[in-house]
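Enquirer:
Number of protein chains: 2
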Amino acid sequence: MPHVLFLPAQRSAEVSVGASLLEAAQACGVEIHIPCGGQGRCGRCAVVVQGGDGRLRRRSTIRLSPADIAAGYALACQSLVLGDLAVVVPPQEEIARHLVTAKHAVAVEPPAGYTVADQPLQAFFLALDPPSLADQTDDWSRLQRGLAGAYGVSGLTADMDLLRRLGEVLRSADWQVTAVVELDAWDRPAGPPRLVDLLPGRRTDALHAIAVDIGTTTVSLFLVDLMTGRVVARAADYNDQIRRGEDIISRIVYASRKAGNSQPAANSVNSANLVELQALVVGTINRLVEQACRRAGVEPKQVYKATVVGNPTMIHLFLGVPPEQIRLAPYIPALNQVPSLPGAAQALGLAIHPQATVDCLPGVASYVGADITAGVLSSGMHRSEALRLFIDIGTNGETVLGNADWLICCACSAGPAFEGAGVEHGTRAAAGAIEEVWINGDTGEPTYRTVGNLPPKGLCGSGLISLLAELFLAGLVDKRGRLNQGWPGLRDRPSLGPRVRRGDHGLEYVVAWAEETAIGRDIVLTEVDIDNLLRTKAAIFAGFTSLAEAVGVPLEAVEEVLIGGAFGQHINVEKAVEIGLLPDLGTGEGWSRFRFLGNTALNGAYLALVSRAMRQEVRNIANKMTYLELSADNRFYEQFMSAMFLPHTDARLFPSVASRNT
Amino acid sequence: MPHVLFLPAQRSAEVSVGASLLEAAQACGVEIHIPCGGQGRCGRCAVVVQGGDGRLRRRSTIRLSPADIAAGYALACQSLVLGDLAVVVPPQEEIARHLVTAKHAVAVEPPAGYTVADQPLQAFFLALDPPSLADQTDDWSRLQRGLAGAYGVSGLTADMDLLRRLGEVLRSADWQVTAVVELDAWDRPAGPPRLVDLLPGRRTDALHAIAVDIGTTTVSLFLVDLMTGRVVARAADYNDQIRRGEDIISRIVYASRKAGNSQPAANSVNSANLVELQALVVGTINRLVEQACRRAGVEPKQVYKATVVGNPTMIHLFLGVPPEQIRLAPYIPALNQVPSLPGAAQALGLAIHPQATVDCLPGVASYVGADITAGVLSSGMHRSEALRLFIDIGTNGETVLGNADWLICCACSAGPAFEGAGVEHGTRAAAGAIEEVWINGDTGEPTYRTVGNLPPKGLCGSGLISLLAELFLAGLVDKRGRLNQGWPGLRDRPSLGPRVRRGDHGLEYVVAWAEETAIGRDIVLTEVDIDNLLRTKAAIFAGFTSLAEAVGVPLEAVEEVLIGGAFGQHINVEKAVEIGLLPDLGTGEGWSRFRFLGNTALNGAYLALVSRAMRQEVRNIANKMTYLELSADNRFYEQFMSAMFLPHTDARLFPSVASRNT
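Chains V and H supply the protein sequences, listed in that same order. Take the first sequence: its letter number 547 is residue 587 in the working numbering, and every next letter is one higher. Take the second sequence: its letter number 492 is residue 532 in the working numbering, and every next letter is one higher.
#1: Smallest Cα separation from residue 346(V): which of 295(V), 376(V), 251(V) and 429(V)?
#2: Which ranges would you report for the beta strand (DSSP E) in the region 213-271 of chain V if only whole runs of at least 3 residues count?
#3: Should residue 180(V) go down as buried or exposed, given a rule of 16 or more other Cβ atoms within 10 Å for buried?
#4: What residue ranges within the region 636-682 of chain H form continuous alpha helix (DSSP H) runs of no fewer than 4 residues, ordered along the chain?
#5: Taking all protein chains shown into account, decide if residue 186(V) is buried (16 or more other Cβ within 10 angstroms of its Cβ) or exposed.
#6: How about residue 320(H): is its Cβ closer than 7 Å to a heavy atom in the ligand FAD?
#7: Which same chain residues end up closer than 8 Å to residue 377(V) when comparing Cβ atoms and leaving out the 5 residues on each side of it in sequence?
#8: What distance in whole Å lies between the Cβ atoms of residue 223(H) and residue 369(V), which are believed to be in contact at a cut-off of 8 Å?
#9: Counting pairs of Cβ atoms below 8 Å between the region 251-271 of chain H and the region 260-280 of chain V, do you hit three or more?
#10: Please classify residue 591(H) as buried or exposed, where buried requires at least 16 other C-beta atoms within 10 Å of its C-beta.
#11: If I'm right that residue 415(H) touches residue 255(H) with Cβ under 8 Å, what's the distance once you round it to whole angstroms?
#12: Taking the alpha carbon of residue 361(H) as the reference point, which residue from 525(V), 202(V) and 114(V) has its own alpha carbon closest?
#13: Ignoring anything shorter than 3 residues, give me the beta strand (DSSP E) runs that lie fully in the region 311-364 of chain H, in order along the chain.
#14: Between the C-alpha atoms of residue 678(H) and residue 583(H), what's the straight-line distance to the nearest angstrom?
#15: Would you mind working out which of 688(H), 648(H) and 553(H) sits nearest residue 160(H), comparing C-alpha positions?
#16: Starting from the beta carbon of residue 198(V), find every residue of chain H whose beta carbon is closer than 7 Å, and list them in chain order.
#17: Hey, how far is the Cα of residue 419(V) from the Cα of residue 602(V)?
#18: Which partner residues of residue 43(V) appear in the DSSP bridge assignment?
#19: For a contact defined as C-beta to C-beta under 8 Å, what are the partners of residue 360(H) on chain V?
#20: For the region 170-184 of chain V, list every residue whose C-beta sits within 7 Å of some C-beta in chain H, in sequence order.
#21: Pick out whichever of 157(H), 183(H), 156(H) and 163(H) has its Cα sitting closest to the Cα of residue 169(H).
#22: For residue 123(H) and residue 204(V), what's the separation of their Cα atoms in angstroms?
#23: Could you spell out where the beta strand (DSSP E) holding residue 548(V) opens and where it closes?
#24: Assign residue 548(H) to buried or exposed, taking buried as 16 or more other Cβ atoms, counted over all protein chains shown, within 10 Å of its Cβ.
#25: Would you kindly work out how many angstroms separate the C-alpha atoms of residue 702(V) and residue 514(V), rounded to a whole number?
#26: In this structure, does DSSP put residue 502(H) in helix, strand or coil?
#27: Anything in chain H within Cβ reach of residue 370(V), meaning under 7 Å, just list it in chain order.
#28: Counting Cβ pairs closer than 8 Å, one from the region 500-514 of chain V and one from the region 462-482 of chain V, do we hit at least three?
#29: Taking 6 Å as the limit between beta carbons, can you name the residues of its chain near residue 511(V), skipping five residues before and five after?
#30: Give the DSSP bridge partners of residue 113(V), in chain order.
#31: Return no unless some Cβ of chain V is closer than 8 Å to the Cβ of residue 375(H).
#32: In whole angstroms, what separates the C-alpha of residue 380(H) from that of residue 221(V)?
#33: Indicate whether residue 171(H) and residue 372(V) have their beta-carbon atoms separated by less than 8 Å.
#34: Count Cβ pairs between the region 611-626 of chain V and the region 574-589 of chain V that sit closer than 8 Å; are there 3 or more?
#35: Can you pull the chain H residues whose beta carbon is under 9 Å from the beta carbon of residue 227(V), in chain order?
#36: Within the continuous beta strand (DSSP E) that includes residue 442(H), where are the two ends?
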């Protein structure tokens with residue numbers, strides 16, 4: 041079998057002929073990031089192969105130039121081992137660990153008048169009579185008698201693990217115990233109650249639960265004390281799945297692929313890759329649980345429930361359910377409304393109480409998930425007569441239009457450009473990211489602000505929106521997104537420097553010179569980047585205009601635009617309107633019609649966790665929401681094409697921008 | 041670390057100083073039987089140690105003579121390793137594998153008018169509409185819609201394993217599937233229904249279940265086709281736990297002991313020994329499932345439910361619940377009424393469908409379990425006004441007295457003498473066991489019949505009853521159980537051979553000479569054996585008389601005596617009355633008041649499996665039954681002492697015997 045040596049790690053393995061370099065690396069424990077999920081699309085897994093002649097087969101060289109190939113470059117995911125090789129792995133782009141926790145945390149309060157009885161988990165203290173020859177009642181019946189007598193709870197069930205521990209806990213605690221009981225669940229409102237744990241002594245303080253939002257990029261978590269309903273700690277971190285694909289489609293492709301085969305598998309149930317992705321997200325959640333519990337002084341075993349939201353792909357991967365039908369027409373998820381999963385924590389690998397119930401909130405369609413229904417719940421738009429538009433500005437661009445009477449939603453496949461992917465110098469909103477740009481209309485010279493005021497590393501979503509808007513308003517970019525080499529400021533004062541120049545990918549605008557940056561290279565925005573940004577903003581715009589058209593409501597009738605998602609908190613609305621990403625509802629007072637709601641998905645999960653009524657409400661939202669499938673909709677395509685301009689083909693739709701631009 | 045070599049196996053291991061020889065043997069995979077559970081009581085684990093001086097510590101030498109010890113004998117369970125040793129393991133007594141299956145199988149029919157709807161498991165065929173862009177309903181909702189539309193089943197739940205397979209099964213089967221659904225359970229009569237399996241195509245023939253009786257000695261099983269309600273195969277075998285203790289107390293002691301310590305552990309939850317016993321009984325059941333399924337042409341994965349009965353210790357061990365409180369005053373089981381355990385098959389290790397529900401029928405007290413409530417169910421005594429006495433003649437001697445209005449029960453710790461344990465030449469009712477004996481009243485010479493008409497190996501329960509009765513009627517044994525050396529037949533004709541002689545354990549009667557037997561030794565009944573038999577029969581007699589006294593009913597008022605347990609099928613009633621084991625209800629017509637019911641426990645489990653009404657009935661029986669704790673009852677002790685005679689101190693209680701004996 042061929043022998044593959046990885047450098048600089050100095051690790052090697054014997055692999056089968058035909059194994060990919062990626063598999064060989066995995067066999068040695070050498071980590072290679074594959075942001076596109078191993079499809080050969082992103083080119084990030086390029087490595088340098090020594091002695092590759094005849095011992096390596098390149099299945100695809102897309103993303104590699106002839107010079108690269110001559111120098112020995114190969115894509116790890118696309119290259120097959122035929123003989124002995126040495127492989128140099130260049131330093132991988134680090135995934136910066138950026139805690140969203142502290143900053144921008146919206147205060148979350150329990151619903152008014154919260155009592156522990158509002159939700160199904162209860163901690164009942166019991167002082168039982170010890171058994172005797174005169175009362176030989178068995179332990180389990182004695183416990184049930186105590187619960188029925190003191191609290192009117194009857195018909196208890198329990199899992200085997202608990203039945204096995206019952207006798208010892210009762211005796212070691214001298215018959216003074218706290219029974220943690222889940223009285224009901226949304227899909228068994230009539231019970232029976234389930235004994236989740238039995239603790240020695242009076243431990244009504246032990247009752248905790250978590251609300252979790254599994255984002256494609258970021259996982260966020262609240263730790264909740266169920267006695268008070270309060271959030272006692274919060275934590276957030278990148279989803280570890282990122283290393284196996286940056287966007288949803290990449291992850292589905294990776295999950296569906298059988299090991300040793302770059303093609304999606306026809307029958308991929310429980311493929312090793314799916315199992316890996318499941319473990320990665322659970323590992324992320326467990327890290328957050330550990331952090332939050334440590335901060336709040338709570339043992340993870342005192343966490344008796346997890347209420348989880350996320351887009352459908354994230355929920356499928358979290359549960360280990362194959363997601364591949366989500367990306368194949370006619371785009372069918374395995375399940376939108378997940379049954380309540382009592383005691384599933386252990387099987388899923390969650391490091392909370394092993395018998396904890398896992399409750400995934402309901403989604404609506406393949407690309408409109410529980411994060412959106414929870415977002416609507418948290419926004420309250422389903423309770424008011426006022427017409428509102430809810431937009432989650434992210435990869436999927438989920439959008440909901442409606443009010444108390446009706447709700448219609450869509451997802452518009454915006455792509456990850458605003459999250460920094462697919463853009464030459466794109467980055468996530470981590471330290472050093474350019475988050476705001478201003479361009480001098482006379483000189484064309486930029487100034488910018490970075491996260492943490494550090495030397496710039498790249499452009500995050502809000503920075504990209506800001507830069508594109510400024511370029512457009514300054515006339516450096518025309519309405520079709522083309523850079524203007526003949527711009528007066530540049531032509532007249534060439535000494536100011538060639539901010540617009542021709543680069544490897546056509547024309548580009550230099551935002552920061554190499555010497556200012558943390559990366560030692562010029563940070564630029566290329567015309568290809570601008571094209572990607574136009575596609576993204578056009579998709580989102582076309583999404584909500586298609587919704588409005590579908591129900592025959594003019595956009596001006598929208599009383600409020602609600603912007604959800606942690607990303608949404610950083611956007612400058614004015615600039616988002618200037619590029620045509622958000623609808624032009626007029627300047628001045630118009631801006632007050634935009635409202636940023638923060639992580640609406642997590643807030644909604646929290647509400648459904650602490651309130652049976654809210655849990656029912658989110659179900660009603662999911663049932664009530666009409667889904668508009670855009671891939672089958674000609675209106676969407678037309679709207680999309682019209683929106684591929686700055687701000688739009690039809691300038692009348694953006695009167696405030698037109699007035700500034702002239 | 042000391043090195044221990046086992047011969048003749050030639051296997052060795054390094055063990056810690058202070059490890060027992062038993063542990064050393066287990067470490068090498070050398071099997072040593074410990075019928076008493078490793079308490080040092082039975083002496084069956086004796087081995088010969090070479091070079092033991094100073095390298096072995098004998099914690100107990102009970103059961104070993106000074107000569108034995110001089111010869112190097114040591115009890116494996118009681119001897120600790122201090123240095124290097126060689127150990128010779130004598131051939132172990134083989135546990136004969138004896139299938140109870142074929143012979144004595146009582147015909148079992150489904151309840152009259154059985155339909156599959158009588159029990160909760162259903163197989164619903166569904167022809168679903170495939171998804172399209174016009175109908176993007178998710179797989180799980182589509183399935184539920186189909187079930188609701190065609191069969192009115194709504195609010196389905198499912199386990200994660202099934203949710204993970206859902207999409208693939210639906211697509212590979214082209215949307216034609218059979219949904220196996222458990223509509224309800226005894227402790228959730230209102231549902232929700234649970235999807236247990238999803239099969240491609242129309243597979244309503246797949247619906248099977250098992251009824252299991254876990255006896256201390258024998259495990260028996262019915263495989264049931266739920267579409268017809270019929271038993272399609274049956275199987276039985278010895279409980280593999282026998283090798284870790286022959287009676288209940290030995291197994292509790294073994295289960296409660298921590299590894300490396302011969303004392304019962306205070307906190308023994310999930311001790312290795314408990315886990316081992318759990319695996320042993322599940323292994324036995326799995327072997328029976330495999331046999332029964334093979335015979336009936338059914339895949340074990342088509343078995344979707346297990347209804348299980350057994351005495352409380354057997355149920356505790358089957359579930360892995362620590363049983364030690366059962367043997368310690370005040371004798372409290374962890375649980376009598378086990379909750380329904382949906383999907384527990386996998387966690388328990390049962391080789392049936394992993395999501396199968398395990399339903400253990402309810403017991404009453406520490407020594408009156410589900411085998412007895414199921415026995416009563418099967419007997420029908422709880423439905424009639426006639427007063428009946430139900431006796432399970434076995435180690436525990438469970439007895440129930442009552443009718444449709446009331447039921448009272450007890451267990452009388454009869455001991456295993458009738459099962460062949462604690463008797464010099466006792467054996468189980470396997471091939472070669474003497475099952476019936478006749479003694480010539482003039483000569484004192486015996487004739488006998490063996491199971492399978494093979495050369496005798498020993499005396500089984502019915503043989504012991506028969507032999508004792510014959511010895512008593514012939515005057516060879518007096519009413520106190522003493523052998524009569526001066527018996528006229530022996531005294532006058534010494535040439536007939538010394539049938540009564542003095543042996544190692546006092547006087548003994550020779551039933552078979554060495555040359556007639558399969559074991560090459562005389563088969564004898566000693567006075568010590570007789571004493572054990574008297575204790576056993578006295579305990580059973582005292583049990584039912586105490587019950588009758590407790591409710592103030594004379595024994596003569598009992599219209600019928602029902603004898604349950606597989607063992608009961610082989611007893612000669614007349615002889616059982618002669619020794620005072622069964623009550624004397626008069627000769628001739630009186631015999632018709634005794635009825636043998638076979639394996640009532642298994643039959644009852646079967647009835648509860650195929651009928652919701654029967655499942656409720658057995659629960660009512662358990663709730664209604666009053667338990668009389670005999671260990672706290674002076675009447676029992678007095679009755680026991682009075683019954684330690686043949687047939688009884690008070691000869692008036694046995695008029696038919698008195699008339700024959702004079």
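Just so you know, even glycine gets a beta-carbon here, dropped at the ideal spot from N, CA and C.
Expert: Let's see:
#1: 251(V)
#2: 216-222, 234-240, 248-254 and 258-265
#3: Buried.
#4: 640-650, 652-664 and 674-682
#5: It counts as buried.
#6: The ligand content of the structure shown is nil, which means the ligand FAD is not present either.
#7: 402, 403, 659 and 662
#8: About 36 Å separates the two Cβ atoms, so there is no contact after all.
#9: no
#10: With a 10 Å radius around the Cβ and a threshold of 16 neighbouring Cβ atoms, residue 591(H) comes out exposed.
#11: Residue 415(H) to residue 255(H), Cβ: 12 Å. No contact.
#12: 202(V)
#13: 343-350
#14: The alpha-carbon atoms of residue 678(H) and residue 583(H) are separated by roughly 11 Å.
#15: Comparing Cα-Cα distances from residue 160(H) to each of 688(H), 648(H) and 553(H), the minimum goes to 648(H).
#16: 379
#17: 8 Å
#18: 54(V)
#19: 200 and 204
#20: 171, 172, 173, 176, 178, 179, 180 and 181
#21: Relative to the Cα of residue 169(H), the nearest Cα in the group 157(H), 183(H), 156(H) and 163(H) belongs to 183(H).
#22: 38 Å
#23: Taken as a continuous stretch (DSSP letters only), the beta strand (DSSP E) holding residue 548(V) covers 546-552.
#24: Under this definition residue 548(H) is a buried residue.
#25: In this predicted model, residue 702(V) has a pLDDT of only 49, less than 50, meaning its place in the structure is not dependable; the value taken from the coordinates is given anyway. Rounded to the nearest angstrom, the two C-alpha atoms are 11 Å apart.
#26: helix
#27: Contact annotation for residue 370(V) against chain H: 171, 172, 173 and 176 [CB-CB distance below 7 Å, chain order].
#28: yes
#29: 517
#30: 88(V)
#31: yes
#32: For residue 380(H) and residue 221(V), the distance between alpha carbons rounds to 17 Å.
#33: yes
#34: yes
#35: 195, 196, 197 and 232
#36: Where residue 442(H) is concerned, the enclosing beta strand (DSSP E) stretches over 439-442.
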